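Novice: The structure follows.
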Amino acid sequence: MKLICIGRNYADHIKELENEKPTDPVVFLKPDTAILLNKQPFFIPDFSDDVHHEVEVLVKIKKVGKHIDKKFAHKYYDEIGLGIDFTARDLQAKLKAKGLPWEKAKAFDGAAVIGKWLPKTKFKDVNNINFSFKKNDEVVQSGNTQLMLWKINELIEYVSKYFTLKIGDIIFTGTPAGVGKVFANDKLKGYIENEELFSIKIK
């Protein structure tokens, strides 16, 4: 399975990082080795002094698809989740400045948190899901999927032009504003509506 990540999908996050608004979704990949194992803490890597949390709504693909039309995209997933795209921001900045790929800053071991999954049927509209993220019991990120520049079905259509989607693939749909540095002993929790979907510690 692969993790397909979308960058710059919320206008307020684009603004806070002073990035340019893209004309197409920004796509990058994480390997399965980036997944933080269940109930394990996240260890800040020794190659970065500025690791940021980015909370994101996740979509799990349930069947193989290629060149999927947006109107059929809803048939390719049944579960919605929440996770973290950890980013070594200092390393990413150096790589971007040289026009180099981001993978070392985004795809390192433990850089992808995947929380519990919820059935899609739990939601009246997947384009109107509230989610939030707490650091040490303080809400630091919150968003709603209606604020995505490209909605879930549009992302599936776009991504499947380039990559065959397979069973178990996960799409990270982008993060809202409020990203920030994590420190040792931080406690991070993520919620969809009022349901806690993950809780991890930083080491």
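Numbers 1143 to 1345, taken from the numbering used here, label the letters of the sequence shown in order. For each residue, glycine too, the CB sits at the ideal point set by N, CA and C. The structure presented is a predicted model; accordingly, all values stated were derived computationally and were not measured.
#1: Are I1256 and L1200 close, meaning C-beta to C-beta below 9 Å?
#2: My output table needs one value for D1227: the three-state DSSP class, helix, strand or coil.
#3: Alpha carbon to alpha carbon, how far is L1224 from N1180? Give it in angstroms, no decimals.
#4: Give me the DSSP bridge partner(s) of A1153.
#5: Which same chain residues, not among the five before or five after H1209, have their C-beta less than 7 Å away from its C-beta?
#6: So, using beta-carbon positions, are I1186 and V1197 closer together than 9 Å?
#7: Can you tell me whether K1217 is buried or exposed, with buried defined as 16 or more other CB within 10 angstroms of its CB?
#8: Please report the distance separating the alpha-carbon of L1242 from that of F1250.
#9: Does DSSP put Q1182 in a helix, in a strand, or in coil?
#10: Which full runs of the beta strand (DSSP E) of 3+ residues lie inside the region 1224-1263, going along the chain?
#11: Pick out whichever of K1205, H1195 and K1329 has its Cα sitting closest to the Cα of H1279.
#12: Hey, T1229 and K1246 are a contact pair by Cβ (cut 8 Å); roughly how many whole angstroms apart?
#13: Would the beta-carbon of K1308 be found less than 8 Å away from any heavy atom of the ligand GTP?
#14: Based on Cα-Cα distance, which residue from L1307, F1275 and K1262 lies nearest to D1211?
#15: Nearest CA to the CA of L1339: which residue from N1327, S1284, L1289 and F1273?
#16: According to the neighbour-count rule (16 or more other Cβ atoms, all chains shown, within 10 Å of its Cβ), is S1341 buried or exposed?
#17: What's the C-alpha gap between S1284 and A1319?
#18: By how many angstroms is the C-alpha of L1260 removed from the C-alpha of Y1219?
#19: What did DSSP end up calling I1271 once you bin it into helix, strand or coil?
#20: Which same chain residues, not among the five before or five after R1231, have their C-beta less than 6 Å away from its C-beta?
Specialist: Taking the definition as stated:
#1: yes
#2: strand
#3: Cα-Cα distance, rounded: 14 Å.
#4: None; A1153 has no bridge partner.
#5: S1302 and K1303
#6: no
#7: K1217 should be labelled exposed.
#8: 16 Å
#9: coil
#10: 1254-1261
#11: Note that residue 1279 corresponds to Asp in the displayed sequence, not to His. If we check each option's Cα against that of D1279, K1329 comes out closest.
#12: About 11 Å separates the two Cβ atoms, so there is no contact after all.
#13: Of ligands this structure carries none, so the ligand GTP is not represented either.
#14: L1307
#15: F1273
#16: exposed
#17: Approximately 8 Å between the Cα atoms of the pair.
#18: Spanning the two alpha carbons is a distance of roughly 11 Å.
#19: coil
#20: D1192 and H1194
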